[in-house]
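Novice: So that we are looking at the same thing, I have put the structure below in structure tokens.
Numbering (the working numbering), first residue to last: 638 to 1114.
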């Protein structure tokens, strides 16, 4: 069953319906669901779908020729294989399709690896003729570094030729949760906190089993699909994997500032910055700033906090990487019971904040909030921090949120602490409080008086907006 990816499908349908030649580049990390998306998009359409493999150029050309000629090209009456790539690509407009001629080349980097001149050839043919034909050519790749540096960068032949460029990211929580219809809201939140929004990972969990059983079976057991997934991905994209392991583990353990990472890893700062930049490009890490940070602060190399943004990487480095020796010895049950289960709620608390932000983004798109925010994230200063802050374009209105993922209810004293963390001259402030375990009666009464929005796990998971948007609390200093 195909789940989610509606925006991506609409993007592809837009280019399919557009007049003239369309060249679309689609890329993203392995396992993110690119091939499944493209196959879904091709359903019901006349098309060529060619999946490249790591084979010599002559064999690749032969396979591609066979795929084209078997689709009914007139040339099939005279030849059994194209003599070169130029004649094969020139034949694309002759495909006997009634409408748009849809051609998908999956894992395009494999094709270029064995024929490095292909991008230059394709650029020449596109400029000469293909862009004037009723063609949609989709080039897809999983090697993020290759696609960005060798296909999309300014110095390369295809730069500026693409009609559309789509970098596929993880699914959000709401699409990911659809993989687990039998799970409770808390179980859906936990599964997302562990696996993130990568479809291949989500399919490894069976929602007829508990979270713990799934973690043991699909992550902690030698030979399971996800046991070595992180190491595999790092080797595919990066060299010096031991260095990257050290950095990611350090960030996962709470060393989030550049100076902290330097002290922990002892990698000289200029090299460390390059490693961090590479991992940000891959979507493993992110550099985070307070929502109120200005351009100068964001540009400063020493500022910002580094976070492991990929949930599965964060889980793996927190609970698999440190215990690989014991897991290799087969103690998956022991690691679950003694290292993971006691810490799991604490681990989930950070992804829970991101889920709450995604909840607010959904309401924002529906114009179901007191104002339309243009920025959302966390906020902190030297003494305080807020799990959620969103602001309008002019910083005249702020939405402030606090998230409690614990077994006790969100209390009135918790709220009072939140209320005094942030103030802004002549600004309108709106409060949203999120809680795994609900709210105390005293806080509920106070929220009713002040129209503070209270959201439970059920509200968040179901995307519900059970209360009207809270009116503003204006603050003048």
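For glycine and all other residues, C-beta sits at the position ideal for the given N, C-alpha and C.
Are residue 818 and residue 669 close, meaning C-beta to C-beta below 9 Å?
Specialist: Here residue 818 is taken as the residue at index 181 of the chain shown, counted from 1. Here residue 669 is taken as the residue at index 32 of the chain shown, counted from 1. Contact flag unset, no.
Novice: Following the continuous beta strand (DSSP E) through residue 916, name the residue where it begins and the one where it ends.
Specialist: Here residue 916 refers to the residue found at position 279 of the chain shown. Note, residue 916: premise wrong, no beta strand (DSSP E); alpha helix (DSSP H) at 906-918.
Novice: Around the C-beta of residue 1108, are 16 or more other C-beta atoms found within 10 angstroms, so that it is buried, or is it exposed?
Specialist: Residue 1108 sits at position 471 when you count from the first residue of the chain shown. Confidence is the limiting factor: at residue 1108 the pLDDT is only 39, short of 50, which leaves the residue's position unreliable and the question unanswerable from this model.
Novice: Measuring straight from C-alpha to C-alpha, what distance separates residue 1094 and residue 783?
Specialist: Along the chain shown, one-based indexing puts residue 1094 at 457. Along the chain shown, one-based indexing puts residue 783 at 146. About 41 Å.
Novice: Bridge partners for residue 837 per DSSP, in chain order?
Specialist: What you label residue 837 is simply residue 200 of the chain shown in a count that begins at 1. In the DSSP output, where bridge partners are listed per residue, residue 837 has none listed.
Novice: Note the first and the last residue of the continuous beta strand (DSSP E) segment covering residue 1071.
Specialist: Against the chain shown, residue 1071 aligns to sequence position 434. Per DSSP, residue 1071 belongs to the beta strand (DSSP E) from 1064-1072.
Novice: Is the CB-CB distance between residue 662 and residue 883 below 9 Å?
Specialist: Counting from 1 along the chain shown, the entry for residue 662 is found at position 25. Counting from 1 along the chain shown, the entry for residue 883 is found at position 246. For residue 662 and residue 883, no; Cβs fall outside 9 Å.
Novice: Report buried or exposed for residue 1123, applying the criterion of at least 16 other Cβ atoms within 10 angstroms of its Cβ.
Specialist: Look at the range of the chain in this structure, 638 to 1114, and you will see that residue 1123 is not part of it.
Novice: State the DSSP-derived secondary structure class of residue 864, mapped to helix, strand or coil.
Specialist: Counting from one through the chain shown, the residue named residue 864 turns up at place 227. Here residue 864 sits in coil by DSSP.
Novice: Since residue 1035 sits in a beta bridge, which residues does DSSP pair it with?
Specialist: Residue 1035 sits at position 398 when you count from the first residue of the chain shown. Partner(s): 1028, 1066.
Novice: Could you tell me whether the Cβ atoms of residue 742 and residue 777 are closer together than 9 Å?
Specialist: Walking along the chain shown from the start, residue 742 turns up at place 105. Walking along the chain shown from the start, residue 777 turns up at place 140. Cβ distance < 9 Å, so residue 742 and residue 777 count as in contact.
Novice: Kindly confirm or deny that the region 687-707 and the region 825-844 touch, where touching means at least three C-beta pairs closer than 8 Å.
Specialist: Segments in contact, no.
Novice: For residue 659, collect the residues of the same chain with a Cβ closer than 6 Å to its Cβ; drop the 5 residues on either side in sequence, then sort them by chain order.
Specialist: As a first step, residue 659 is located in the chain shown; it is residue number 22 there, counting from the start. Answer for residue 659: 652, 773, 800, listed in chain order.
Novice: To the nearest angstrom, how far is the alpha carbon of residue 856 from that of residue 688?
Specialist: Residue mapping note: residue 856 aligns to position 219 of the chain shown, counting from 1. Residue mapping note: residue 688 aligns to position 51 of the chain shown, counting from 1. In a straight line, the C-alpha of residue 856 is about 29 Å away from that of residue 688.
Novice: State the Cα-Cα distance for the pair residue 1028 and residue 673, rounded to the nearest angstrom.
Specialist: Reading the chain shown from its first residue, position 391 is the one you call residue 1028. Reading the chain shown from its first residue, position 36 is the one you call residue 673. Whole-angstrom Cα-Cα distance: 36 Å.
Novice: Would you decide whether residue 638 is buried or exposed? Buried here means 16 or more other CB atoms lie within 10 Å of its CB.
Specialist: Here the question's residue 638 lines up with position 1 in the chain shown. Classification for residue 638: exposed.
Novice: Under 8 Å Cβ to Cβ from residue 755, same chain only, skipping five residues before and after it: list those, please.
Specialist: Start at 1 with the first residue of the chain shown, and residue 755 comes out as number 118. Once the five neighbours on either side are set aside, the close Cβ partners of residue 755 are 722, 748, 749.
Novice: Between 886, 865, 781, which has its C-alpha nearest residue 951's C-alpha?
Specialist: Taking the chain shown and counting its residues from 1, the one referred to as residue 951 is at position 314. Nearest option by C-alpha distance: 886.
Novice: For residue 790, count neighbouring Cβ atoms within 10 angstroms of its own Cβ and tell me buried if that reaches 16, exposed if not.
Specialist: As a first step, residue 790 must be located in the chain shown, where it is residue number 153. Flag for residue 790 reads exposed.
Novice: I think residue 621 touches residue 1080, with their Cβ atoms under 8 Å apart; what is that distance to the nearest whole Å?
Specialist: Any property of residue 621 remains undetermined from this structure, which presents the chain solely from 638 to 1114.
Novice: Just to confirm the assignment, what range does the beta strand (DSSP E) spanning residue 877 have?
Specialist: Counted from its first residue, the chain shown places residue 877 at position 240. From DSSP, residue 877 is part of no beta strand (DSSP E); its letter is neither H nor E.
Novice: Is it buried or exposed for residue 684, if we count other Cβ within 10 angstroms and need 16 for buried?
Specialist: Along the chain shown, read from residue 1 onward, the residue named residue 684 stands at position 47. Buried.
Novice: How about residue 830 and residue 956: do their beta carbons lie closer than 9 Å?
Specialist: In the chain shown, the residue the question calls residue 830 occupies position 193. In the chain shown, the residue the question calls residue 956 occupies position 319. The answer is no: Cβ separation not under 9 Å.
Novice: Rounded to the nearest angstrom, what separates residue 964 and residue 879 at their Cα positions?
Specialist: Walking along the chain shown from the start, residue 964 turns up at place 327. Walking along the chain shown from the start, residue 879 turns up at place 242. Near 19 Å, if we compare the C-alpha coordinates of residue 879 and residue 964.
Novice: Considering only residues of the same chain and omitting the five flanking positions on each side of residue 1101, which have a CB-CB separation below 6 Å?
Specialist: Start at 1 with the first residue of the chain shown, and residue 1101 comes out as number 464. At residue 1101, the pLDDT of 44 sits below 50, so the modelled position is not reliable; the number obtained from the coordinates is stated separately. Contacts found: none.
Novice: Who pairs with residue 1012 in a beta bridge, going by DSSP?
Specialist: Position 375 of the chain shown, counted from the first residue, corresponds to residue 1012. DSSP, once it has assigned bridges, lists 1028 as partnering residue 1012.
Novice: In angstroms, rounded to a whole number, what distance separates the CA positions of residue 643 and residue 675?
Specialist: In the chain shown, counting from the first residue as 1, residue 643 sits at position 6. In the chain shown, counting from the first residue as 1, residue 675 sits at position 38. Whole-angstrom Cα-Cα distance: 12 Å.
Novice: Is the beta carbon of residue 993 less than 9 Å from the beta carbon of residue 1024?
Specialist: As a position in the chain shown, residue 993 is number 356, starting the count at 1. As a position in the chain shown, residue 1024 is number 387, starting the count at 1. In this structure, residue 1024 lies closer than 9 Å to residue 993 by Cβ.
Novice: Taking 9 Å as the threshold (C-beta atoms), are residue 820 and residue 1115 in contact?
Specialist: Not covered by the structure: residue 1115. The range shown for the chain is 638 to 1114.
Novice: Buried or exposed, going by whether 16 or more other CB atoms sit within 10 Å of the CB of residue 1015?
Specialist: Along the chain shown, read from residue 1 onward, the residue named residue 1015 stands at position 378. With 16 or more Cβ atoms within 10 Å of its Cβ, residue 1015 is classed as buried.
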